[in-house]
Every structure is written in structure tokens, then in C-alpha cells.
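One structure is given below, encoded as C-alpha cells.
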Amino acid sequence: MEKKEEIIEVLKKVNDPEIHIDVWTLKLIYNIDIKEEIVEIRMTFTSPMCPYGPFLVDNIKNKIKEELKWVKEVKVEVVFQPVWQPSDELKEILGIPL
0 MEKKEEIIEV LKKVNDPEIH IDVWTLKLIY NIDIKEEIVE IRMTFTSPMC PYGPFLVDNI
60 KNKIKEELKW VKEVKVEVVF QPVWQPSDEL KEILGIPL
């Protein structure tokens, strides 16, 4: 398995504490960059006012370092452009009208 795929598998285990869906399925992860033992993630939140934002970032960092022993450092950049928009499939799961 490639390193990026390993990271994605870990991200699928990190749930948004409010919505209870993983950050990968929610499409909160915009980019994953790997530089040897350093993982850089560019992501967003479902809302700029997300009260769980810092918790979510810490959870992502800790889970990746815990499960992937080759990772020495995880850097997370939170951005709000582009604005997060749930897919139609996700809207159905969340009960949001299409």
C-alpha cells in the first residue's frame, strides 16, 4: 500500500464529532502531501465556526502518528477556500434537501 493510501485509511477512522461521519467521506481533506516522514494535510471544516475544529485537528494528527509508525510529524493547515459543500450523496445521508 502506498503511503498516501495508508494515510487515507487512517483518515477514514477519524469522525467529525458532531456529524459522526469520517473526515475523508465528508471531503474535508483537500490535499495530502508527504515529504519523507512528514505529512502535510490541507483541510477545512464544515463551518468556519466549528466548535470541534481544534479537537478534530488534534485527533487527525494523533491518529496518523499512532497508526503509522513511519510518520514523525503531521502538519495540518485549515483553510476556508474553497468553502466546504456536501455532495448530493452526503446531503442524502445527512437528510439535507437536494
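The sequence shown: position 82 = 81 (numbering that gives the first Met the number 0), numbered continuously.
Using N, Cα and C, we set each Cβ at its ideal position, and we do this for glycine too.
Secondary structure of residue i, DSSP reduced to three states
i, result
"Val82", "coil"
"Val38", "strand"
"Asp15", "coil"
"Ile95", "coil"
8 Å contact criterion, which residue i and residue j should meet: CB distance rounded
i, j, result
"Val13", "Leu67", "Not quite, the Cβ-Cβ distance comes to about 13 Å (not below 8 Å), so this is no contact."
Boundaries (first-last residue) of the beta strand (DSSP E) holding residue i
i, result
"Asn73", "The sequence as given places Val at residue 73; Asn does not occur at that position. Counting along the chain, the beta strand (DSSP E) containing Val73 begins and ends at 72-77."
Within 8 Å, strictly: CB atoms of residue i and residue j
i, j, result
"Val78", "Thr45", "no"
"Ile28", "Ile40", "yes"
"Ile59", "Val70", "no"
"Val56", "Val82", "no"
"Trp23", "Ile33", "no"
"Leu97", "Ile18", "no"
"Lys11", "Ser86", "no"
Start-to-end residues for the alpha helix (DSSP H) that takes in residue i
i, result
"Leu25", "Taken as a continuous stretch (DSSP letters only), Leu25 belongs to no alpha helix (DSSP H), as it is neither H nor E."
"Lys64", "52-66"
"Glu1", "No alpha helix (DSSP H) holds Glu1; DSSP gives it neither H nor E."
Residues sharing a beta bridge with residue i, DSSP
i, result
"Leu32", "With the sequence shown as reference, residue 32 is identified as Asp, and Leu is not the correct amino acid for it. Answer is Glu39, bridged to Asp32."
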